[in-house]
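A.B. asks: If you scroll down you'll find the structure; I have some questions about it.
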Amino acid sequence: MEHSLALSATLDHPAAEKMFAILRRVPGVRAVEAPIGSSRVHVQYDDDLTTPQEISSMVARAGFPLLKVASGPAPCCGSCSGL
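In UniProt numbering, the protein residues as written are 1 to 83.
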């Protein structure tokens, strides 16, 4: 499985190293991509051993605030009804 995290700040080299160290401790995490200068982290994991919620929680507890992503349908812009 894959999980993508949106961080509230971009990663510099020390932060990326810390991110790798944190995620290596999560059982089931297979691979981590955390490019320096990016605010995105991509994680491949075994869904029998962990969940996206556990991964996100571990990252947030380590001091990496996550952006809140709205779930559900996008709000209506009104353009299709002529408003």
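Beta carbons: idealized from backbone N, C-alpha and C, even for Gly.
This structure is a prediction, so every number in the text was calculated from the model and none was measured.
By DSSP's criteria, Arg40 is part of a beta bridge. Which residues make up the other side?
C.D. replies: Partner(s): Ala6.
A.B. asks: By Cβ distance, which residues of its chain are closer than 6 Å to Gly28, with the 5 residues on each side in sequence left out?
C.D. replies: Tyr45, Asp46, Leu49 and Thr50, listed in sequence order.
A.B. asks: Quick check on this structure: which residue in Lys18, Ala31 and Glu17 has the alpha carbon closest to the alpha carbon of Ser4?
C.D. replies: It is Ala31 whose Cα lies nearest to the Cα of Ser4.
A.B. asks: Based on the DSSP output, what are the partners of Ala16 in its beta bridges?
C.D. replies: Ala16 pairs with nothing; no bridge assigned.
A.B. asks: Tell me where the beta strand (DSSP E) around Val32 begins and ends.
C.D. replies: It spans Val29 to Glu33 - the beta strand (DSSP E) in which Val32 sits, taken as one unbroken run.
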